[in-house]
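Numbering (the working numbering), first residue to last: 72 to 379.
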């Protein structure tokens with residue numbers, strides 16, 4: 072098997088994503104029974120994180136361990152790149168030690184450059200443009216609750232950020248409609264939006280009205296209004312996002328059996344109210360758990376682990 076980099080959801084076909092979900096089903100059922108497989112015994116995953124993390128780091132570390140492998144965590148301040156070593160040289164060296172690398176960093180160009188010099192698989196664990204692993208876990212959670220992805224109406228309420236842009240990529244791969252409600256000036260990158268709309272056959276709709284996006288939706292999805300590195304914009308963002316909160320009033324526009332997603336961490340009382348976060352319609356904590364199961368399937372896929 073040739074090296075597979077997962078820098079965006081577009082690096083996977085719809086069939087490959089469905090196969091990953093089948094593997095995640097198997098692994099989740101095994102985990103629920105307290106059973107573990109060891110297809111990655113002797114293999115090591117490197118985690119290069121330039122940004123703080125709770126769920127992404129812990130789910131990747133737990134995933135590789137439960138598959139029989141090991142992990143090495145590397146913060147930027149602990150690596151020679153912080154003292155001027157090139158990404159190219161770092162990638163070449165780490166390729167001699169590890170079997171895959173997951174990178175959580177600021178710029179998409181960083182993971183792309185690393186992948187171009189790496190001889191081992193590179194996984195995007197978050198950049199400014201995309202968060203593919205998060206949205207794979209989100210898609211898996213929707214499938215788990217709605218049985219299939221095709222034919223659904225999925226609403227994104229809030230910032231047109233990296234997670235929203237990975238949802239745009241996902242709408243190319245599956246036949247659901249994606250309705251994004253973003254404040255003016257906080258829409259997704261226009262080039263990414265236009266490219267995805269051109270391929271999605273009128274299934275991607277952008278609006279500035281949260282109620283329009285939520286109308287008859289099967290899924291209501293949101294994220295924080297102020298992400299890491301945007302703290303200085305907090306006051307202006309809170310003002311701009313007024314009216315985009317996921318709350319009981321907004322949820323009434325969705326279908327009665329709609330589910331609510333949030334990739335966490337949540338700022339209770341800002342982008343989502345506490346009662347909705349803890350509501351029976353919320354599958355947010357299942358969604359967080361599913362990161363581990365989907366990451367296990369993804370690591371087995373790119374690192375060559377054969378599941379029974």
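Here a beta-carbon is modelled for each residue, glycine too, at the ideal position from N, C-alpha and C.
Under the criterion of beta carbons closer than 8 angstroms, residue 162 and residue 192 do not qualify as touching, at roughly 12 angstroms. 116 is the residue among 116, 324 and 302 whose C-alpha sits nearest the C-alpha of residue 165.
Unbroken beta strand (DSSP E) stretches of 3 residues or longer found wholly inside the stretch 91 to 135: 115 to 120, given in chain order. For residue 321 against residue 285, the beta-carbon gap comes to about 5 angstroms, under 8 angstroms, which counts as contact. Per the DSSP secondary-structure output, residue 175 pairs in a beta bridge with 120 and 197.
With distances taken between CA atoms, residue 369 lies nearest to 110 out of 110, 167 and 313. Non-local C-beta neighbours of residue 312 in its own chain, meaning closer than 6 angstroms and more than five positions away in sequence, comprise 254 and 296, ordered along the chain. Counting only the Cα atoms, residue 119 lies some 7 angstroms from residue 147.
Around the beta carbon of residue 129, fewer than 16 other beta carbons sit within 10 angstroms, so the residue counts as exposed. By the 16-neighbour rule on beta-carbons within 10 angstroms, residue 356 is exposed. For the pair of segments examined, the stretch 83 to 93 was found to touch the stretch 205 to 214: the number of CB pairs separated by less than 8 angstroms reaches three.
Counting along the chain, residue 212 sits inside the alpha helix (DSSP H) bounded by residues 203 to 217.
In the DSSP annotation of this structure, the continuous segment of the beta strand (DSSP E) that includes residue 141 starts and ends at 141 to 146.
Under the Cβ criterion (8 angstroms, minimum of three pairs), the stretch 93 to 102 does not count as touching the stretch 219 to 238.
The alpha-carbon separation between residue 325 and residue 358 amounts to approximately 19 angstroms.
For the pair residue 182 and residue 78, the CB atoms are nearer than the 8 angstroms cut-off. In this structure, 213 is the residue among 213, 329 and 252 with its C-alpha nearest to the C-alpha of residue 241.
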